[in-house]
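Input: a single structure, listed below in C-alpha cells.
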Amino acid sequence: MKRRPNLFKINKKTIYRVIIFHIIVILCLVIPFRSLKKQKKQSLIINNIILKPEIKPIAKQTFIKKAPTRPIPVKKTPIQKKTALKKAVPIDNQKYLSLLDKLEKQINDLDDKKEIIKTSDLRIPKKVKPLSFDQKIEEASFDNFSKFKQILVKELQDNLNLPEYGEVRISFIIHPEGKITDVLILDSKSEINQSYLKNSLYEISFKNMEKVFQEKQKLIVIFKND
11 MKRRPNLFKI NKKTIYRVII FHIIVILCLV IPFRSLKKQK KQSLIINNII LKPEIKPIAK
71 QTFIKKAPTR PIPVKKTPIQ KKTALKKAVP IDNQKYLSLL DKLEKQINDL DDKKEIIKTS
131 DLRIPKKVKP LSFDQKIEEA SFDNFSKFKQ ILVKELQDNL NLPEYGEVRI SFIIHPEGKI
191 TDVLILDSKS EINQSYLKNS LYEISFKNME KVFQEKQKLI VIFKND
C-alpha cells in the first residue's frame with residue numbers, strides 16, 4: 011500500500027510562507043504611506059492672506075470762531091477855510107521914482123570905480139619894451155635847460171605890465187628864431203589882463219635863442235601882479 015502525503019505538514023509550510031508574504035506586502039505599503047504623511051505635514055502652503063485695516067479713532071476738529079470785524083471809522087478831512095486875499099497897498103509914485111534914481115546913481119558910482127584903465131589901453135595893447143634878456147643869452151652859457159626856463163619866465167614877468175589885478179595862466183610855444191606862437195589862455199581871473207597878454211606876447215621876439223635849443227619848446231607861464 012502507498013503512503014499518502016502528509017497534508018498537514020505541507021499546509022503548515024505554505025501557511026508560513028503566505029503569512030510572511032503578507033507581512034512583507036503590508037510593510038511595503040505602510041512605510042511609504044507614513045513618510046508621505048510626514049512630508050505633507052512639513053510643507054506648509056499659505057494660499058490666502060487677508061489684512062484687516064486698523065481702525066483709528068477720528069480726532070475731533072476744533073473750530074476757531076472768528077471775531078466779528080468792526081467797521082473802520084473814516085476820518086473826515088478838515089475843510090480848509092479860504093483866507094481872504096489882502097488888497098494890494100497902492101505905491102506912491104514919487105517914492106518909487108526916487109528909489110530908482112538912487113539905484114542908478116549907485117550903479118554908476120560902481121562903474122566909475124572899476125574904470126581904472128582908459129578905453130584906449132584896452133583896445134590897443136601897450137608896446138612891449140625891448141627885453142634885456144638877449145644880452146644875458148650872449149653872456150651866459152646854459153648847461154641845464156630848466157635854468158633857462160626860469161630866467162625866461164622871470165624876464166617876461168618883469169617886463170610885461172599887467173593893467174589890473176588878476177592872475178592869468180597861459181601856454182605858448184617859443185621857437186629857436188625867438189618868436190612866440192600858439193598863445194593859449196588856460197585860466198584867467200581878469201579879461202583885461204587876458205587880452206593884454208594875448209596881444210603882447212605875439213609882439214615879443216628874442217635873439218640868439220638857437221644857442222640854447224634847436225627845436226621849439228612849449229612853456230606854461232602864470233602872470234600876476236604882486
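Residues in the sequence shown are numbered consecutively from 11, following our numbering. No residue lacks a Cβ here, since even glycine has one placed at the ideal position from N, Cα and C. For clarity, every value in this text was computed on a predicted model and none was experimentally measured.
Neighbourhood of residue i by C-beta, 8 Å cutoff - its chain only, sequence neighbours within 5 removed
i, result
"residue 37", "none"
"residue 182", "190, 191, 192, 193, 194, 211, 228, 229 and 231"
"residue 113", "none"
"residue 130", "Confidence in residue 130 is poor, its pLDDT being 39 and thus under 50, which makes the residue's placement too unreliable to answer from."
"residue 33", "none"
"residue 219", "147, 184, 185, 186, 187 and 188"
Residue of the options minimising C-alpha distance to residue i
i, options, result
"residue 197", "231, 165 and 89", "231"
"residue 193", "223, 229 and 41", "229"
"residue 180", "226, 217, 234 and 219", "234"
"residue 188", "107, 82, 221 and 105", "221"
"residue 184", "82, 158 and 80", "158"
Residues near residue i by beta carbon distance below 7 Å, same chain, minus five either side
i, result
"residue 166", "231"
"residue 125", "Residue placement at residue 125 is poorly supported in this model, since its pLDDT is 46, which falls under 50; the coordinates still yield a value, given next. There are no such residues."
"residue 224", "186"
Presumed contact (8 Å Cβ cut-off) between residue i and residue j, rounded CB distance
i, j, result
"residue 162", "residue 207", "At roughly 15 Å, the Cβ-Cβ gap does not stay under 8 Å, so residue 162 and residue 207 are not in contact."
"residue 212", "residue 195", "Going by Cβ atoms, the distance from residue 212 to residue 195 rounds to 13 Å, so no, they are not a contact pair."
"residue 160", "residue 178", "Contact flag wrong, Cβ pair sits at about 19 Å."
Per DSSP, the bridge partner or partners of residue i
i, result
"residue 30", "Per DSSP, none; premise fails for residue 30."
"residue 115", "BP columns for residue 115 are empty, so no partner."
"residue 197", "179"
"residue 233", "178"
"residue 36", "DSSP lists no partner for residue 36."
"residue 191", "183"
Beta-carbon contacts of residue i that lie in its chain and below 6 Å, excluding the five residues immediately before and after
i, result
"residue 26", "none"
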